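Residue numbers for the sequence shown follow the numbering used here, so the first one is 472 and each next one is one higher.
Every residue gets a Cβ at the ideal spot worked out from N, C-alpha and C, and that includes glycine.
Predicted model, so just to flag it, every value in this text is computed and none were measured.
A short write-up of the structure that comes next.
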Amino acid sequence: MALSLTVSAQSHVMEVNTKKLGAPIQPTMYGLFFEDINYAADGGLYGELVKNRSFEFPDRLMGWEPFGKFEVEDDGPFERCPHYVKLEWPGHKERRSGLSNDGFFGIGLKQGEDYRFSVWAKAPQGNGKIIVQFIDRATMGEKQEFAEAKIDIASKDWKKYQVVMKSPRTIDKAQLRIFLDGQNTVCLEHVSLFPVNTFKNRENGMRRDLAQALADEHPGLLRFPGGCIVEGVDLATRYQWKNTIGPVENRPLNENRWEYTFPYRFYPDYFQTYGLGFFEFFQLSEDIGAEPLPVLNVGMSCQFQNWNDESAHVPYDQLQPYIQDCLDLIEFANGPADSEWGKKRAEMGHPEPFNMKYIGVGNEQWDDLYFKRLEPFVKAIRAKYPNIQIVGTSGPDSEGEMFQKGWAAMKAQKADLVDEHFYRPENWFLATPDAKEKYGNCGALRYDSYDRKGPKVFAGEYACHGKGKKWNHYEASILEAGFMTGMERNADVVFMTAYAPLFAHVEGWQWRPDLIWYDNTRMFKSVSYYVQQMYAMNKGTNVLSMTMGKQPVAGLEGQDGLHASTVFDAKSGEIIIKVVNTSKQAQPITVNLNGIKGERTAQTITLCHNGSMDDENTLDQPEKITPKDGSLKLEAGKKNTVLNDEVPAMSFRLYKVKK
Ligand code: AHR
């Protein structure tokens, strides 16, 4: 017994007080941030496979390849999406009229899966016919088409038609082809193709694998719809939630502000159909057990694009419609089914309230332009909905004058939470001396000195933006894990967090790193995803004090890159210890679990990688780096249970011990 207590000379001794419960950990502590960037909505999570399905893109036929005799008309059945295509007989039986759609970087289909093709159509002369095909133009086989359906368009009036087609193949870049069969004219509007097997099998549903990955993250919070998308490049292109509800056929198109944001990555076909709109966001939050946190426009366009040009923002005396949008949203989410906006929710299939508790007003805004505009929003929301918690913002910086000014204003306006954003390099996450000189308290030390009486923190967007390495490499994820021990240790002030951004299509990204990547048929979870998941699934209910040499374990001098935090989980009765070794050597540790005695077995989960620190998961190797389960025997010391271990270099290990 005495032997097992021997602690090597270099072992790092940590003390955990298991007897005294510290601050409660909020259920919202580890959340997700969804923004339609990187083709996250259309072409990503939203299950629709047809691009420009309503012919509303400014170039009406973008994404379509028409042939034969066709016309784009603008007196369709949907007021806010009036365009449609008319196909006519091209005058000869050997000619064809039709069109094919490219999807988003192709249409992804899976072998054996059913797909629901639907279209609004009319045949002015009656008795129209169309043929619908899945085609592969890159095929070396005889036939381009590999699935086909015929639809009779019997009505002279607009009507919805649909057919389910099975794909005999898995293919990443199919096309959807529709053409006239016979001589009668057919008009087509809102041409749609969805997998039948969406998340929760909803017709206007989400891509199953991607939505499941969100659920598997066990998020406590879902912030949506952005990000800079809330603001738009200009006010005309801001996100307007009221345009995103009701029948999908009549949701007007909006430009996606990430179309041309980065001169080195243009995406002229990036628009928002709003098929994934606010109702769907609330429903998704409910499905995955996350508190919804919608963010609304504060009467400002993106300050990065417009800086402090007052003319780009709403005049102070004209903010009322924007304030009303906030109040109406709260009624939409929470109001009774017979209230004006609650009725719209009920008509969409959710008579029960969504029980929304938080609202964000403004994304990354700064300076008096924002502070002055925010005031009337706060006043109006407090007056009508005193229980709703208001999330303000401290702007795009993690420190500095603008950030300080933002926090001071949020305190003065008594915001409940302040949304902080930080995309910072490795040294920031490690709080190296040079980083501390440049940034002040950073890394795992960041929240130790925060004011306990002010608004709570929502670390709403953060990621390690490696210096010259802005991708999801392993090293960045481990540094994020180390930093997160500091958030956890400070759970009395940090109430919510979210890594950013969430999704990226491998062929359509504008911003890296991102949590989840995909093409049209496959996906992979980044290592950062696993880090977030390890925290979210083991967040516990209360912080426990954990120290090394009476100091927090935060990679301080003499701590050899170790970061650690401990929580107690009242539901499982477990003590959960998280240790991150950010150094390039394995580190021996000894953790004294003061307050419990005797031998124990800890369950362990380890994220560790022996290859290059630049490695990452990929579509071809989605599970190259994943956490692994294990166990460890803890010893019975004289006074307490003792955990002795060697934490591998650049690794994250957590231990779960029954109290
Ligand atoms: O997540 C990408 C962008 O980063 C967000 O839109 C914005 O809030 C931040 O600048």
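Query	Result
Assigned secondary structure, Q1022 (DSSP; H/G/I helix, E/B strand, else coil)	strand
For A804 and F733, the rounded distance between their alpha carbons	35 Å
Assigned exposure category for G1029 - 16 Cβ within 10 Å defines buried	exposed
Alpha-carbon spacing of E730 relative to R736, whole angstroms	8 Å
Distance cut-off 6 Å: N834 Cβ against heavy atoms of ligand 1	yes
Given 8 Å, three or more beta-carbon pairs between the stretch 877-896 and the stretch 654-674	no
Inside the stretch 751-797 only - alpha helix (DSSP H) runs reaching at least 4 residues	774-777
Distance between D1116 and A473 (C-alpha atoms, nearest Å)	At A473 the pLDDT is 31, less than 50, meaning the model places this residue with poor confidence; the figure from the coordinates comes in the next sentence. When rounded, the distance between both Cα atoms is 16 Å.
W942 beta carbon less than 7 Å from that of D984	The sequence given here places Pro at residue 984; Asp does not occur at that position. Taking 7 Å as the Cβ cut-off, P984 and W942 qualify as a contacting pair.
Buried versus exposed call for A854 [16 or more other C-beta atoms within 10 Å across all chains shown]	exposed
Environment of F775 [buried if 16+ CB atoms lie within 10 Å]	exposed
Inter-residue spacing [alpha-carbon to alpha-carbon] between R551 and P739	22 Å
Paired residues, beta bridge with W729 - DSSP	DSSP output for W729 lists no bridge partner at all.
Own chain, CB closer than 8 Å to N668, minus 5 neighbours either side, in chain order	E584, D585, R679
Span separating the alpha-carbon of T1112 from that of T1053	26 Å
Three-state secondary structure (DSSP) of G914	helix
Supposed contact pair V1051 and A952 - C-beta distance, whole angstroms, cut 8 Å	5 Å
A512 Cβ short of 6 Å to ligand 1 heavy atom set	no
Stretch-stretch touch, CB-based, cutoff 8 Å, three pairs: the stretch 934-941 with the stretch 501-511	no
Cβ contact (3+ pairs, closer than 8 Å) linking the stretch 1015-1026 and the stretch 963-971	no
Residue span of the beta strand (DSSP E) that contains L503, given as start and end	501-504
Inter-residue Cα distance where the pair is L492 and S1036	13 Å
Heavy atom of ligand 1 within 6 Å of E726 beta-carbon	no
C-beta contact flag for Q604 and E613 at 7 Å	no
G697 CB to nearest heavy atom of ligand 1 below 6 Å	yes
Enclosing beta strand (DSSP E) for D1116 [first to last residue]	1112-1118
CB of P1119 within 7 Å of CB of A1057, strictly	yes
Other residues of its chain near V478: CB distance less than 6 Å, five sequence neighbours each side excluded	Because V478 carries a pLDDT of 48, less than 50, the predicted location of this residue cannot be relied on, and the following value inherits that uncertainty. If we look at V478 and ignore the five residues flanking it on each side, its Cβ neighbours are T1061.
Separation of Y970 from K935, as counted between CA atoms	Checking the displayed sequence, the identity of residue 935 turns out to be Cys instead of Lys. Going from the Cα of C935 to the Cα of Y970 covers about 10 Å.
Meets three-Cβ-pair contact criterion under 8 Å: the stretch 793-801 and the stretch 829-847	yes
Per-residue DSSP class, three states only, for W878	helix
Those runs of the beta strand (DSSP E) which lie wholly inside the stretch 1063-1114 and span at least 3 residues	1071-1079, 1099-1107
CB-CB length for A915 against T956, believed under 8 Å	5 Å
A971 CB to nearest heavy atom of ligand 1 below 6 Å	yes
Three-state secondary structure assigned by DSSP to R1124	strand
L1090 versus E872 - alpha carbon distance	42 Å
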